[in-house]
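Residues -5 to 180 in the working numbering are what the first sequence lists, from first letter to last.
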Amino acid sequence: MTILTRSFYDRDTVDVAKDLLGKMLVRKIDGNIISGVIAETEAYRYKDDPASHTYGGMTERNQAMFGQVGRAYVYFTYGMHYCVNAVARSPDYEAGAVLIRSLVPKKGIDFMSKQRKIHDISNLTNGPAKLTQALKITKKEYGEDLTKRSSLYVTDGLEIKKSEILSGPRIGIKKANDKMWNFKII
DNA sequence: CTGTTGATCTGCT
DNA sequence: GCAGATCAACAGT
-5 MTILTRSFYD RDTVDVAKDL LGKMLVRKID GNIISGVIAE TEAYRYKDDP
45 ASHTYGGMTE RNQAMFGQVG RAYVYFTYGM HYCVNAVARS PDYEAGAVLI
95 RSLVPKKGID FMSKQRKIHD ISNLTNGPAK LTQALKITKK EYGEDLTKRS
145 SLYVTDGLEI KKSEILSGPR IGIKKANDKM WNFKII
């Protein structure tokens, strides 16, 4: 498995969201290797996207989305949940990131079960806040470099054909529902 | 400072 | 289907 290079994230946020489907998200922690195939993503941009955290400018919380591409943007929401994004945008664009919504567990299923305190594999990482809990991703991973063999990175995975990608409106948001920026594998 | 809202999940009805 | 957990950003006072 080869790690995706910085240039992979150096393109339009929506294109990167599509291309991340089928790739492997790898987490190294306490000597454990945990990995899963990315099965669902959402693109979030900037001024043309009222639903994005960055709409309205940079804040202390969202500054990672304005920073170097290929890094992790982790945010806290609803008082108890973390969600993880990969910073991605074309070079002439100010901000953007891809929310990783769902994984198919591959390695480290024992570790994930322990984190989530459940044994139902199909319920382990099928939601944005579930997968961060399963992979033990917190604000410590804010800004982690996904293009290096660090504690969190993304590698090559399955080949996904265009006909296998389903797009639709993003889930759980009320603004900008005309943007079909949710992508998943059939 | 105060009140509202939210890229969520769980558990109960 | 809906309440509850519980916090950061933001708009308003």
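Even glycine gets a Cβ: it sits at the ideal position worked out from N, Cα and C.
Run through the DSSP bridge pairs and tell me what residue i is partnered with.
i	result
N79	Y67 and L93
V98	V31
M18	V31 and T149
Can you give me the C-alpha to C-alpha distance between residue i and residue j, rounded to a whole angstrom?
i	j	result
K101	Y76	21 Å
R95	A89	19 Å
T256	G61	Residue 256 lies beyond the range of the chain shown here (-5 to 180); nothing can be said about it.
S46	N26	33 Å
Return the first residue and the last residue of the alpha helix (DSSP H) that residue i is part of.
i	result
F105	I103 to R110
K12	T7 to L14
T149	Careful: T149 lies outside any alpha helix (DSSP H), inside the beta strand (DSSP E) at L146 to T149.
S125	The amino acid at residue 125 is misidentified as Ser; the sequence shows Leu. Taken as a continuous stretch (DSSP letters only), the alpha helix (DSSP H) holding L125 covers P122 to A128.
At a threshold of 6 Å, does residue i count as lining the ligand PLP (C-beta to nearest heavy atom)?
i	result
T126	Looking for the ligand PLP in the displayed structure turns up nothing, as the structure carries no ligands at all.
Evaluate residue i with the Cβ neighbour count: other Cβ atoms within 10 Å of its Cβ, from every protein chain shown; 16 or more gives buried, anything less gives exposed.
i	result
K124	buried
N117	exposed
P163	exposed
Y72	exposed
Note the first and the last residue of the continuous beta strand (DSSP E) segment covering residue i.
i	result
K134	Where K134 is concerned, there is no enclosing beta strand (DSSP E), given that its DSSP letter is neither H nor E.
Practice task
Tell me, please, whether the segment 120 to 136 touches the segment 3 to 14 by the rule of three or more beta-carbon pairs shorter than 8 Å.
Solution key: By the C-beta criterion, the segment 120 to 136 is judged not to be in contact with the segment 3 to 14, since fewer than 3 inter-stretch pairs fall below 8 Å.
Problem - Validate contact between the segment 115 to 122 and the segment 39 to 53 using beta carbons, cut 8 Å, 3 pairs - result: The segment 115 to 122 vs the segment 39 to 53: no contact.
Problem - Inter-stretch contact (C-beta, 8 Å, three-pair minimum) for the segment 78 to 85 and the segment -3 to 4 - result: The count of Cβ pairs closer than 8 Å, one atom from the segment 78 to 85 and one from the segment -3 to 4, reaches three, so the stretches are in contact.
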